[in-house]
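Adding 2 to a residue's 1-based position in the sequence shown gives its number in the working numbering.
Beta carbons: idealized from backbone N, C-alpha and C, even for Gly.
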Amino acid sequence: MRLVLIGPPGAGKGTQATLLGRRFGIPHISTGDLFRENVSHGTPLGQEARRYLDAGELVPDHVTGAMVRRRLEEPDARRGFLLDGFPRTVEQAHALTTILARTGAVLDAVVEFDAPEHIVVERLRGRGRSDDTEEVIRHRQQVYRRQTAPLLAHYTDIVLTVHAVGTVEEITDRALEALADLPGAA
Ligand code: ADP
3 MRLVLIGPPG AGKGTQATLL GRRFGIPHIS TGDLFRENVS HGTPLGQEAR RYLDAGELVP
63 DHVTGAMVRR RLEEPDARRG FLLDGFPRTV EQAHALTTIL ARTGAVLDAV VEFDAPEHIV
123 VERLRGRGRS DDTEEVIRHR QQVYRRQTAP LLAHYTDIVL TVHAVGTVEE ITDRALEALA
183 DLPGAA
């Protein structure tokens with residue numbers, strides 16, 4: 003199964019992606035995690051990405067796209083994947099289509115985790131990651147609304163919306179229900 007997860011920062015995509023990935027036996031690929039690993043290892047990519055992460059801005063497409071392409075070419079992603087944090091712009095969605103087309107693959111679904119802004123902001127305040135300061139949290143929400151939310155119209159035919167307020171378990175159950183009709187979800 004090839005899935006993309008979309009939702010505002012704080013919607014719980016990462017948590018759900020880990021659980022769903024285990025359930026379906028496919029890797030959870032988080033661009034945020036990949037960037038943070040590169041930052042903590044001090045790689046050239048990490049050095050370039052760092053200032054964008056700290057500011058809550060999107061890392062430029064040429065950096066992000068190349069990183070995602072390399073990750074998707076690894077053998078464990080051949081059979082499927084859960085992409086968390088990519089694409090985040092319509093341009094990135096086109097790049098993903100191109101990457102997948104090289105192997106004749108297509109996305110099965112885009113899962114939207116939907117939660118009101120005041121709830122996700124409250125969750126991020128409690129999380130305490132280094133980019134979870136008040137100002138950066140607000141900016142990331144704005145970047146989501148302006149640059150990422152338009153992707154839902156781009157993917158309209160394959161979007162499955164999951165209400166993302168509730169316990170982790172409730173939200174996983176809703177996602178599984180939404181995905182139940184896809185091949186490979188049994
Ligand atoms: P959140 O969804 O809570 O903002 P992420 O871990 O998904 O957290 O992303 C953290 C940061 O990583 C973003 O603010 C951005 O700087 C960078 N990033 C992640 N994914 C992308 C992407 N697809 N394109 C550009 N930058 C990205």
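Contact check for Gly-87 and Gly-34: beta-carbon distance about 5 Å, within the 8 Å limit, so the pair qualifies.
For Val-123, there is no enclosing beta strand (DSSP E); the residue is found in the alpha helix (DSSP H) stretching over 119 to 129.
Ranked by Cα distance from Thr-91, the options Ala-117, Arg-104 and Glu-59 are led by Glu-59.
Taking all protein chains shown into account, Ile-139 has 16 or more neighbouring C-beta atoms within 10 Å of its C-beta and is therefore buried.
Excluding sequence positions up to five before and after His-165, its CB lies within less than 7 Å of the CB of Asp-116 and Arg-176, all in the same chain and listed in chain order. Shortest gap from the CB of Pro-118 to any heavy atom of the ligand ADP: 7 Å or more. Listed in chain order, the non-local C-beta contacts of Thr-150 below 6 Å within the same chain comprise Arg-90, local neighbours out to five positions each way being set aside. For Ser-32, the pairing in a beta bridge is given by DSSP as Asp-86.
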